[in-house]
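Chemist:
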Amino acid sequence: MNILLFGPPGAGKGTQSAFLVERHGMKHISTGDLFRVAIKNNTPLGQEAKNYMDKGKLVPDSVTINMVAEVLQSLKGASFVLDGFPRNVAQGEALEALLDRVNLNLDKAIFIEVPINELTERLSGRRVCRNCGAVYHIATKPLKNGKNCDSCGGTDIYQRDDDKPESIVTRLNVYADFTKPLKEYYRKKNKLVEVDGREDVEKVFSRLERSLES
Ligand code: ADP
Ligand code: ADP
Ligand code: ZN
Numbered sequence: 005m006n007i008l009l010f011g012p013p014g015a016g017k018g019t020q021s022a023f024l025v026e027r028h029g030m031k032h033i034s035t036g037d038l039f040r041v042a043i044k045n046n047t048p049l050g051q052e053a054k055n056y057m058d059k060g061k062l063v064p065d066s067v068t069i070n071m072v073a074e075v076l077q078s079l080k081g082a083s084f085v086l087d088g089f090p091r092n093v094a095q096g097e098a099l100e101a102l103l104d105r106v107n108l109n110l111d112k113a114i115f116i117e118v119p120i121n122e123l124t125e126r127l128s129g130r131r132v133c134r135n136c137g138a139v140y141h142i143a144t145k146p147l148k149n150g151k152n153c154d155s156c157g158g159t160d161i162y163q164r165d166d167d168k169p170e171s172i173v174t175r176l177n178v179y180a181d182f183t184k185p186l187k188e189y190y191r192k193k194n195k196l197v198e199v200d201g202r203e204d205v206e207k208v209f210s211r212l213e214r215s216l217e218s
């Protein structure tokens with residue numbers, strides 16, 4: 005089963021993807037994570053993406069689509085979960101062409117819905133491990149021992165620049181203008197599944213699992 009998760013920033017796409025990797029062995033393709041790794045390694049891709057990401061804007065389609073094309077070519081049969089791509093209709097169309105080229109199919113486009121006041125709380129409290137990318141929250145998912153990353157033991161747990169208030173506003177606007185229209189796009193293709201993203205992560209995951217079976 006190949007799926008994509010989309011929804012507003014902070015809806016829990018990364019968190020739910022991690023469960024799909026852990027419990028269903030799926031391959032996680034997160035364009036945000038790929039860009040952050042490129043930035044950490046200071047590659048040309050990272051240098052280009054950083055200017056847009058820091059402002060909360062979308063990285064240009066051509067750059068993003070080329071990056072995804074490379075990953076899709078290296079999948080070797082594993083089921084995938086795309087997280088954060090596509091983020092606009094042009095990317096949705098590009099994805100179809102890319103999948104055709106490598107003879108793969110997208111089974112479902114899962115939209116995770118969370119109300120805006122809760123998104124702001126989730127985003128402003130989000131913390132990330134610099135070393136492995138594991139995601140925490142100061143209130144709902146703190147570090148188990150208060151100091152080290154639960155996954156890798158790393159100690160550099162940081163707040164993303166784009167999770168600061170000015171960027172959050174821009175990102176929510178970008179979402180409403182460009183990403184939300186993908187709902188109609190996938191509804192027309194009969195691939196849209198909507199999942200209520202409120203309540204705790206396990207509850208959301210069982211809804212997600214049910215939606216995969218339907
Ligand atoms: P996205 O990838 O959609 O931007 P994340 O998975 O990174 O979202 O989640 C954003 C923040 O909200 C993180 O700090 C995460 O720990 C927290 N979070 C995720 N899902 C939930 C949930 N169901 N309830 C409360 N907090 C959550
Ligand atoms: P979130 O789930 O919190 O919105 P992501 O980690 O998915 O965050 O994305 C962070 C940033 O990376 C976006 O605000 C954007 O600048 C860039 N980005 C990620 N995916 C895409 C994409 N598909 N197209 C363009 N820019 C992207
Ligand atoms: Zn870590």
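If you want the numbering used here, it's the position in the sequence shown, counting the first as 1, plus 4.
For every residue, glycine included, the Cβ atom is placed at its ideal position computed from N, Cα and C.
(1) Could you check if N107 is buried or exposed, using at least 16 other CB atoms within 10 Å of its CB as the buried criterion?
(2) Quick one: what does DSSP say F84 is sitting in, helix, strand or coil?
(3) May I ask whether a heavy atom of ligand 2 can be found less than 8 Å away from the beta carbon of A138?
(4) Return the CA-CA distance between D166 and A53, expressed in angstroms with no decimal places.
(5) Determine the direct distance from the alpha carbon of V178 to that of L62, and round the result to whole angstroms.
(6) Does the region 64–77 come close enough to the region 95–112 to have 3 or more Cβ pairs within less than 8 Å?
(7) From the DSSP output, in three-state form, read off V63 for me.
(8) Smallest Cα separation from A15: which of S215, V205, S210?
(9) G158: beta carbon under 8 Å from a heavy atom of ligand 3?
(10) Could you confirm whether any beta carbon from chain B is found closer than 9 Å to the beta carbon of R214?
(11) Would DSSP call V118 helix, strand or coil?
(12) Who are the Cβ neighbours of E198 in its own chain at under 7 Å, not counting the five residues just before and after it?
(13) Based on DSSP bridge pairs, tell me the residues matched to K112.
(14) Does the distance from the CB of G60 to the CB of S171 come in under 9 Å?
Modeler: Let me spell this out:
(1) Taking the sequence shown and counting its residues from 1, the one referred to as residue 107 is at position 103. Exposed, since its Cβ has fewer than 16 Cβ neighbours within 10 Å.
(2) The residue you call residue 84 lines up with position 80 of the sequence shown. F84 falls in the strand class under three-state DSSP.
(3) Start at 1 with the first residue of the sequence shown, and residue 138 comes out as number 134. Every heavy atom of ligand 2 is 8 Å or more from the Cβ of A138, so no.
(4) By one-based count along the sequence shown, residue 166 stands at place 162. By one-based count along the sequence shown, residue 53 stands at place 49. Cα to Cα, D166 sits roughly 13 Å from A53.
(5) Taking the sequence shown and counting its residues from 1, one reaches residue 62 at position 58. Taking the sequence shown and counting its residues from 1, one reaches residue 178 at position 174. Going from the Cα of L62 to the Cα of V178 covers about 8 Å.
(6) yes
(7) Counted from its first residue, the sequence shown places residue 63 at position 59. Correct three-state label for V63: coil.
(8) Translated into positions along the sequence shown, residue 15 becomes position 11. If we check each option's Cα against that of A15, V205 comes out closest.
(9) Stepping through the sequence shown from its first residue, residue 158 is reached at position 154. True, at least one ligand heavy atom lies under 8 Å from that Cβ.
(10) Absent from the structure: chain B. Only one protein chain is present.
(11) In the sequence shown, counting from the first residue as 1, residue 118 sits at position 114. Here DSSP, grouped into helix, strand and coil, assigns V118 to coil.
(12) Here residue 198 is taken as the residue at index 194 of the sequence shown, counted from 1. Cβ neighbours of E198 beyond the five flanking positions: F115, E117.
(13) Position 108 of the sequence shown, counted from the start, is the residue given in the question as residue 112. The partner list for K112 (beta bridge, DSSP) reads I7.
(14) The sequence position of residue 60 within the sequence shown is 56, counting from 1. The sequence position of residue 171 within the sequence shown is 167, counting from 1. A contact, by the Cβ cut-off of 9 Å.
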